[in-house]
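Engineer: Provided herewith is a single structure, encoded as C-alpha cells, for subsequent inquiry.
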Amino acid sequence: MKIAVVASVVASIVALSAAVQCTSDAVINDANNVLVARYCITDFRGDTDPTTIGVAFQDYVNNPNSIYTYGLCGVDACVRQINGLSYPTCTPTAATSYAAAISNFSTTCAALNSALATGGGTCSLVQMARYRLVKYNMPLTPNCSAALAKFSYSSTSQWSSVASALSLTSNDVTNAFCASPDCVQLTNQALGWFINAINCALPFGENLMATASNIMNYCSSSPPTNSSSSNPTIVLPTTTFAPPTTCDASINAANNWTLSQACTNDLQGGSPPSLSAIYADIAARSSTTVYRYGLCGSTNCAADIAKIVNSYLNCTATTAPSLLTWVQGYAPTCVAVNASIANSTCTLANYADYNWARYQVQLTPQCANALSMSTSSLWYSAIQAAALSNNAFTNAFCTSSDCISFTTSTINMLGDCSVTSGENLFKTATNLINYCNAIAPTTPPAAKSSQPSTTAATSGGTTTATPTPTPTKSSASTAFGMLAVGVVASGMLLLA
C-alpha cells in the first residue's frame, strides 16, 4: 500500500516555515488552544473530551500512528473546521507553529485518499483512524495486565499485541486472558469500535475485528473453570524464570492490580484500591485494618485474590517489591483470622465494618464544631464520651442534627453483634440515638436505606431503632474507598 506517501507528505510540511516573525508567541499559543469541534472527533475517537488544535496537530505531525492523520481528513466536520481556521503564518520565537501542516492539510488528505483507493483495501479514512486507535492506542488495563504479568505483558502492552498472539486453544496465556473479566471487557470494547465501523478489508490483510470477535466467541464458549465460584480454587503459580527487567515490569503490573468494584463495595465502597495499597495498609494498621477481616469475609474478594494468586509471576526482581509470598498466604491466613473471632457473635464482614467505624470514621465538620472537637477526631471517641445522662457533651451531641444524622448513617453500616471483647458498637450507638430522641425527639433526614430497620435493646428495655439514611461516605469513610489514598494495614500483611 502507498501509505508511505503520507509519511513523505507529513515530513515535508513540517519543514515549511513562515517568513514573518511573530510579534508575540501569544498569537500562536492562542491559535493552538482553539478547541477541535466535539462533533468532529466523536466520529473517529469515540469521546467528547476536549482536544485543542495544538494537541491534535502535534500528534498529527509527530506520531506515525496518529489517529488524527486519518480522522481529521475523514470527517467532514473536521475538514470544514481545519480549512476554516485563520491560523497565523508568522514564525514564533519559542512556541510551536503548525501553520505548515494546516496549510497543507487538504493536500495531505488527498494523498491519504489516493493511497487508500489504490492500496487494495476497502476501509475509509475514519475506519483507518479507528483501526489505529485499537491497534496502537489501547493499552492493557491494570487488572488485565496483572492477569497476564507472568507472561511478560505489562500496562504498556497494547491489547492488539496480546490479541494477535493468542492461540484460541486451551493454553496458559489464553486461559489467563479468558479468566480475566478485565481482559474480556477490553476485547469487547475493541470489538465495539469495529462493529459497523471497520468491517472492511485493510490493505495489508489484518482484520482486528475478526480477531476480537474470535476471542470473544472462544472465551464465551470455553469459560474458565476457576473464574468466580464462591469458593475459588487457589492454584499457586509455578516457578517461572524471566529476565530481571521483565520480572520488574511484571511484578509492578501485578502490584497495580485493583480489587473489583463488587469486592470494594463489600468493604464500604469507593474507588477500588490496588494490591500494593492494600498491602501497605495491612502492614501499617495490623489489627485495626478493614482488609484483615473484610478480604476474608467476602466471597467477591476471595475470587479477586484467587485471580491474582494465579497470575502473580514467581521471579527475582531487581527493584520491584514482590508480594507473591503475601498473596500465597491469603487462604491460610483467613483460616487463622476466622478462628480468632470464634468467641464473638460477629462475622468477618461485621468485623471489617467495626474496624472501619472504630478506627477510620472521623466526625463531619458540623458535628465536630457542635462538640467542640476537631474534624480529625474519631466518631468512636465521641460516641464513647456521650454518656446517657444529662451533661453538656451529650446535650450538645443530641441537639446537633449533623451528629444525629451522621451517627445514624454509621449505624446503618454496622452489624448488631459483639466483638471478642464483648463490645457491641451497633447497640452503643443505637442506644445513644434512642436517648437523644427521648429527651429531644429528632427525625433523621429520610433517605433510601440499604438495610432494614433494626431492633436493638437499650439499657432500660427494648426500643426499635430505625437508622434510615443511606450510609454517607464522609471524608473518613471514603478512606476506605479511597484506600489507595490512605490505606489500611494489618499485621501479617494481609492479616497477621
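According to mature numbering (1 follows the signal peptide of the UniProt record, and there is no 0), the stretch in the sequence shown is residues -19 to -1, 1 to 477, in order. A virtual CB, placed ideally from N, CA and C, is assigned to each residue, including glycine.
Could you check how far apart the C-beta atoms of Tyr199 and Leu240 are, in whole angstroms? I think they sit under 8 Å.
Structural biologist: Incorrect: roughly 27 Å between the Cβ atoms, too far for contact.
Engineer: With burial defined as no fewer than 16 other Cβ atoms inside 10 Å of the residue's Cβ, what is the status of Thr137: buried or exposed?
Structural biologist: Burial call: exposed.
Engineer: Quick one: what does DSSP say Ser255 is sitting in, helix, strand or coil?
Structural biologist: strand
Engineer: Just tell me which of Ser255, Asn64, Ser386, Ala312 has its CA closest to the CA of Pro123.
Structural biologist: Ser255
Engineer: In chain order, what residues of the same chain have a beta carbon less than 7 Å from the beta carbon of Asn14, not counting five sequence neighbours either side?
Structural biologist: Thr33, Gly35
Engineer: By Cβ distance below 8 Å, which residues in the same chain neighbour Ala243 in space, the five residues on each side in sequence not counted?
Structural biologist: Cβ within range, chain order: Asn281.
Engineer: DSSP three-state call for Thr389: helix, strand or coil?
Structural biologist: helix
Engineer: Go through its chain and collect everything with a Cβ distance to Ile420's Cβ below 7 Å, but skip five positions before and after it.
Structural biologist: Cys379
Engineer: Quick check: Ser292 and Ala130, are their CB atoms within less than 8 Å of each other?
Structural biologist: Cβ distance < 8 Å, so Ser292 and Ala130 count as in contact.
Engineer: Would you check if the region 318 to 325 and the region 391 to 401 touch, i.e. whether three or more CB-CB distances between them fall below 8 Å?
Structural biologist: Yes, the region 391 to 401 is in contact with the region 318 to 325.
Engineer: Judging by CA-CA distance, which residue of Arg113, Ile385, Leu93 is the nearest neighbour of Asn188?
Structural biologist: Arg113
Engineer: Secondary structure at Pro426, three-state DSSP: helix, strand or coil?
Structural biologist: The pLDDT assigned to Pro426 is 38, lower than 50, so where the model puts this residue is not dependable; a value taken from the coordinates is nonetheless given after this. Residue state, collapsed to three classes: coil.
Engineer: Are the Cβ atoms of Asp397 and Phe387 separated by less than 8 Å?
Structural biologist: no
Engineer: Excluding five sequence neighbours on each side, which residues of the same chain lie with their C-beta closer than 8 Å to the C-beta of Met119?
Structural biologist: Cβ within range, chain order: Gln139, Trp140, Ser141, Leu167, Gln170, Ala171.
Engineer: According to the Cβ coordinates, are Arg266 and Val318 closer than 8 Å?
Structural biologist: no
Engineer: Mind pulling the alpha helix (DSSP H) runs of 4 or more residues that sit fully within the region 31 to 103?
Structural biologist: 34 to 43, 48 to 55, 57 to 64, 80 to 84, 86 to 99
Engineer: Tell me the DSSP secondary structure of Thr150 in three-state form.
Structural biologist: coil
Engineer: On a Cα-Cα basis, can you pick out the residue from Val115, Ala76, Leu304 that is closest to Phe25?
Structural biologist: Val115
Engineer: Decide if Ser126 is buried, meaning its Cβ has at least 16 other Cβ atoms within 10 Å, or exposed.
Structural biologist: Flag for Ser126 reads buried.
Engineer: Cα separation between Leu153 and Ala283?
Structural biologist: Reading the sequence as shown, one finds Asp at residue 153 and not Leu. Cα atoms of Asp153 and Ala283: separation of roughly 22 Å, rounded to the nearest angstrom.
Engineer: In whole angstroms, what separates the C-alpha of Ile196 from that of Ala160?
Structural biologist: 12 Å
Engineer: Just to check my reading of the structure: Ser105 and Gly55 have Cβ atoms closer than 8 Å, yes? What is that Cβ distance to the nearest angstrom?
Structural biologist: 6 Å
Engineer: Would you kindly check if the distance between the Cβ of Ser135 and the Cβ of Ser231 is under 8 Å?
Structural biologist: Result yes, Cβ atoms of Ser231 and Ser135 sit closer than 8 Å.
Engineer: With DSSP run on the structure shown, which of helix, strand or coil describes Ser328?
Structural biologist: This sequence places Thr at residue 328; Ser is not what is there. Coil.
Engineer: Evaluate Gly65 with the Cβ neighbour count: other Cβ atoms within 10 Å of its Cβ, from every protein chain shown; 16 or more gives buried, anything less gives exposed.
Structural biologist: exposed
Engineer: Considering only residues of the region 292 to 344, which uninterrupted alpha helix (DSSP H) runs meet the minimum length of 4 residues and lie entirely inside it, listed in chain order?
Structural biologist: 305 to 309, 311 to 321, 329 to 340
Engineer: In the DSSP assignment, the alpha helix (DSSP H) including Pro346 goes from what residue to what residue?
Structural biologist: 346 to 351
Engineer: May I ask you to report which of helix, strand or coil DSSP gives Thr23?
Structural biologist: helix
Engineer: According to DSSP, is Thr375 helix, strand or coil?
Structural biologist: Look at Thr375 here: in three-state DSSP terms it is helix.
Engineer: Indicate the three-state DSSP secondary structure (helix, strand or coil) for Leu395 in the structure shown.
Structural biologist: coil
Engineer: Measuring CA to CA, which of Ala75, Asn412, Ser357 is closest to Cys6?
Structural biologist: The question names Cys, yet the displayed sequence has Asp at residue 6. Checked all of Ala75, Asn412, Ser357; the closest Cα to Asp6 is Ala75.
Engineer: Buried or exposed: where does Gln2 fall if 16 or more other Cβ atoms within 10 Å of its Cβ makes it buried?
Structural biologist: exposed
Engineer: DSSP three-state call for Gln2: helix, strand or coil?
Structural biologist: strand
Engineer: Which residue comes first and which comes last in the alpha helix (DSSP H) that contains Gly278?
Structural biologist: 272 to 278
Engineer: When we look at the beta-carbon of Thr297 and count the other beta-carbons within 10 Å, is it buried (16 or more) or exposed?
Structural biologist: When all chains shown are included, Thr297 counts as exposed.
Engineer: Would you identify the three-state DSSP class for Leu248, choosing helix, strand or coil?
Structural biologist: coil
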